[in-house]
Amino acid sequence: MRGINFDLPFVVETAPEYPGVTHVAGDMFEFIPEAEAVFMKTVMHCFGDDECAKVLKNCRSVVPKTGKVIIVDVVLRADDDSPWGDIRAKFDMLMYAYTSAGKERTEEEWRKLLKSAGFPRINFIIVPAIWSIIEAFPE
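Using our numbering, the letters of the sequence shown correspond one by one to residues 5 to 143.
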């Protein structure tokens with residue numbers, strides 16, 4: 005298996021070497037390296053919709069029709085009575101307090117954002133954790 009660790013230059017400079025991993029320095033707001041799949045964990049909630057749309061459009065420009073974007077992030081639900089529901093809501097308040105535009109999103113907000121960036125097919129995988137898995141496909 006091969007993978008790319010794409011991160012800011014100061015992070016890549018100190019990243020340890022791993023077999024099959026290529027480190028690429030860059031800025032996701034400017035470009036994304038070509039890949040069959042892009043994986044982002046707890047990244048999107050740090051930014052507002054405009055910034056996220058820019059990153060996702062950059063992903064769409066490099067992910068092939070058969071590829072996908074995998075996002076691990078909070079998905080808020082109004083009827084969430086799981087042990088994680090309250091924690092998810094508190095994460096939203098934390099993002100509001102500590103970022104200029106970051107937020108947790110509902111399933112509908114995720115759908116709107118992903119569709120606007122060119123990912124019309126979306127799959128939500130709910131797991132017993134704070135985060136959910138979101139698969140976004142270009143076709």
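Don't be surprised by glycine CBs; every beta carbon is placed ideally from N, CA and C. Computed from a predicted structure; not experimentally measured.
What residues are listed by DSSP as bridge partners for residue 95?
-> None; residue 95 has no bridge partner.
Taking Cβ to Cβ, would you say residue 72 is nearer than 8 Å to residue 128?
-> no
Enumerated in chain order, which unbroken segments of the beta strand (DSSP E) with a length of 3 residues or greater are wholly contained in the region 49-112?
-> 72-77
What residue from 30, 36 and 131 has the CA that sits closest to residue 14's CA?
-> 30
Note the first and the last residue of the continuous alpha helix (DSSP H) segment covering residue 42.
-> Run containing residue 42: none in the alpha helix (DSSP H); it sits in the beta strand (DSSP E), 41-45.
Near residue 66, what residues of its chain come up, given a Cβ to Cβ distance below 6 Å and the 5 sequence neighbours on each side ignored?
-> 36 and 38
Could you tell me whether the Cβ atoms of residue 118 and residue 96 are closer together than 8 Å?
-> no
Reference residue 78, options 69, 91 and 85, closest by Cα = 91
In terms of alpha-carbon separation, which member of 70, 105, 20 and 22 lies closest to residue 41?
-> 70
What is the residue span of the beta strand (DSSP E) that residue 28 lies within?
-> 25-29
Around the Cβ of residue 98, are there at least 16 other Cβ atoms within 10 angstroms (buried) or fewer (exposed)?
-> exposed
Could you check the C-alpha separation between residue 5 and residue 51 for me, to the nearest Å?
-> 30 Å
Grab me the residues of residue 43's own chain with a C-beta within less than 6 Å of its C-beta, minus the 5 sequence neighbours each way, in chain order.
-> 74
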